[in-house]
Amino acid sequence: MPSTASRSPRACSRPPLITRRPSRRSSARATSTPCSSKENDVTDLVTTSIEGRIAHVVLNRPEKLNALNNPLLDEFSAAIAALGADDSVSVIVISGEGGNFSVGFDVDPGNGYSDAAAGLGPYADWASLRRNIERWLAVWDTPKPVITAVEGYCMGGATMLAVCTDITVVSETAVLGWPAIPLGGGLLSPTSAWLIGPKKAKELSFIAGSRLSGAEAAALGWANHAVPAGSVLARADELAASIARMPLDLLRIKKLALNRFLDQQGFRESVLMGAEWDAIAHTSPATHAMTDKVEQLGLKGAIAWFNEGAGR
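Numbered per the numbering used here, the sequence shown spans residues 2 to 313.
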């Protein structure tokens, strides 16, 4: 689907502030405020904390189900870069605030979505998509293990983030989703095909609004573990604690060895080529018509319009 979150990025004027905790993590998460914006007066769209050798990065836009917009993605990238360079941290755990991981890229009107789908030229659209993909590959390249803890919704572009981490824990009732309306093509499924196989990836890609439960995702190999709702973060923390016992230099070598092998098999190229295919799909009259509906009816209205059969 079209991804515009890299357009008009908000520049951070200082590095992310990371709270360190000396003892076991409490239920209240520490907050970081890496940057601010006059355009968007929210300064904690991503929160970070460190306890021992484990860092927690939390997508913190719960009122929008942690939808990925420019400011959130800029803060996320800054946090991952800072923690990746911090030798006191051995493992990073990524989760979402408010009971959901993320519903993916923010495509509501007013977030620049239709401009990328219809207003940008093919090269500019590709460059925008490429930049967002590089955010996920930066997680893949982070020189220490990264775990995703997925509760609730994990939709669209958020599934790519999870695939580019090293270990994923999901709740049995989590919902993994592909776009509910046809807005692009070739961005998500080639990445997931590495975990669930080409046949299942094609089925999910060809049917708008495809869904997998967390239990199904684990059975297919998309996730490492599916656990009861409410226990995802605890299980992720258990794994992180076990991993953190390994010396960091050995963890780095182990991750580099595995990632180098997967990249030689084509993983990185399959992720990067998604920008090319999606940019091509955005030139389709069908995509332009659908983005017009999003502008006219809003996202929910456009989904209803499509599901009623008008999109056939």
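No residue lacks a Cβ here, since even glycine has one placed at the ideal position from N, Cα and C. All values reported here derive from a predicted model rather than from experimental measurement.
Where residue i and residue j are concerned, what is the direct C-alpha to C-alpha distance, given to the nearest angstrom?
{"i": "asparagine 67", "j": "glutamate 217", "result": "23 Å"}
{"i": "asparagine 225", "j": "valine 164", "result": "11 Å"}
{"i": "proline 286", "j": "alanine 237", "result": "43 Å"}
{"i": "isoleucine 55", "j": "threonine 284", "result": "44 Å"}
{"i": "asparagine 101", "j": "valine 233", "result": "11 Å"}
{"i": "threonine 166", "j": "lysine 256", "result": "11 Å"}
{"i": "lysine 301", "j": "leucine 184", "result": "14 Å"}
{"i": "glycine 299", "j": "glutamine 265", "result": "42 Å"}
{"i": "threonine 192", "j": "serine 271", "result": "6 Å"}
{"i": "methionine 156", "j": "serine 50", "result": "25 Å"}
{"i": "histidine 57", "j": "glycine 198", "result": "30 Å"}
{"i": "leucine 251", "j": "valine 94", "result": "19 Å"}
{"i": "leucine 239", "j": "alanine 194", "result": "Note that residue 239 corresponds to glutamate in the displayed sequence, not to leucine. Whole-angstrom Cα-Cα distance: 28 Å."}
{"i": "glutamate 296", "j": "alanine 80", "result": "33 Å"}
{"i": "lysine 294", "j": "lysine 65", "result": "20 Å"}
{"i": "phenylalanine 207", "j": "glutamate 52", "result": "43 Å"}
{"i": "methionine 247", "j": "glycine 267", "result": "28 Å"}
{"i": "serine 243", "j": "glycine 275", "result": "34 Å"}
{"i": "glutamate 173", "j": "phenylalanine 106", "result": "23 Å"}
{"i": "arginine 25", "j": "serine 129", "result": "Bear in mind that a pLDDT of 43 at arginine 25, under 50, signals an unreliable position, so the number given afterwards is only what the model happens to contain. Their Cα atoms are separated by approximately 40 Å."}
{"i": "glutamate 309", "j": "threonine 149", "result": "35 Å"}
{"i": "alanine 87", "j": "alanine 125", "result": "According to the sequence provided, residue 87 is aspartate. The question's alanine does not apply to it. Taking the straight line from one Cα to the other gives about 34 Å."}
Would you call the CB atoms of residue i and residue j closer than 8 Å?
{"i": "valine 147", "j": "valine 140", "result": "yes"}
{"i": "serine 96", "j": "alanine 245", "result": "no"}
{"i": "glycine 215", "j": "alanine 175", "result": "yes"}
{"i": "alanine 159", "j": "leucine 69", "result": "yes"}
{"i": "alanine 219", "j": "alanine 227", "result": "yes"}
{"i": "threonine 143", "j": "glycine 85", "result": "yes"}
{"i": "leucine 249", "j": "leucine 213", "result": "no"}
{"i": "tyrosine 154", "j": "valine 108", "result": "no"}
{"i": "tryptophan 179", "j": "leucine 205", "result": "yes"}
{"i": "serine 190", "j": "lysine 203", "result": "yes"}
{"i": "phenylalanine 307", "j": "alanine 209", "result": "yes"}
{"i": "arginine 314", "j": "lysine 145", "result": "For residue 314 there is no data in the structure shown, the boundaries of the chain being 2 and 313."}
{"i": "alanine 280", "j": "proline 123", "result": "yes"}
{"i": "arginine 136", "j": "serine 78", "result": "yes"}
Excluding the five sequence neighbours on either side, which residues of its own chain have a C-beta within less than 8 Å of the C-beta of residue i, listed in chain order?
{"i": "leucine 273", "result": "Arg131, Ile134, Leu138"}
{"i": "glutamate 277", "result": "Trp127, Gly187"}
{"i": "leucine 196", "result": "Val164, Leu221, Gly222, Trp223"}
Quick one: residues in its chain with C-beta nearer than 7 Å to the C-beta of residue i, no 5 flanking neighbours on either side, listed in chain order?
{"i": "glutamate 98", "result": "Val59, Leu60, Asn61, Pro63, Asn67"}
{"i": "valine 171", "result": "Val151, Gly215, Ala218, Ala219, Ala224, Ala227, Val233"}
{"i": "leucine 46", "result": "Asn61, Arg62, Pro72, Leu73, Glu76"}
{"i": "lysine 201", "result": "Leu221"}
Using C-beta distances below 6 Å, list every residue in its chain close to residue i, excluding the 5 sequence neighbours before and after it, in chain order.
{"i": "isoleucine 304", "result": "Ala181, Ile182"}
{"i": "valine 43", "result": "Unreliable placement is indicated for valine 43, whose pLDDT of 41 sits below 50; no coordinate value is reported for it."}
{"i": "leucine 121", "result": "none"}
Cβ-heavy atom distance between residue i and the ligand FAD below 7 Å?
{"i": "threonine 284", "result": "The ligand FAD is absent from the structure shown, which contains no ligands of any kind."}
**OP:** Scan the region 83-149 and note each continuous alpha helix (DSSP H) run of 4 residues or more that stays entirely inside, going in chain order.
**Re:** 123-142
**OP:** State whether the region 248-265 contacts the region 60-75, with contact taken as three or more CB pairs (one from each stretch) at a distance under 8 Å.
**Re:** no
Subject >> Length at least 4, wholly inside the region 258-309: the alpha helix (DSSP H) runs in chain order >> reply: Runs of the alpha helix (DSSP H) inside the region 258-309: 268-282, 286-306.
**OP:** Note down, one range per segment and in chain order, each alpha helix (DSSP H) of at least 4 residues found wholly within the region 188-240.
**Re:** Fully enclosed alpha helix (DSSP H) runs of 4 or longer: 190-197, 199-207, 215-221.
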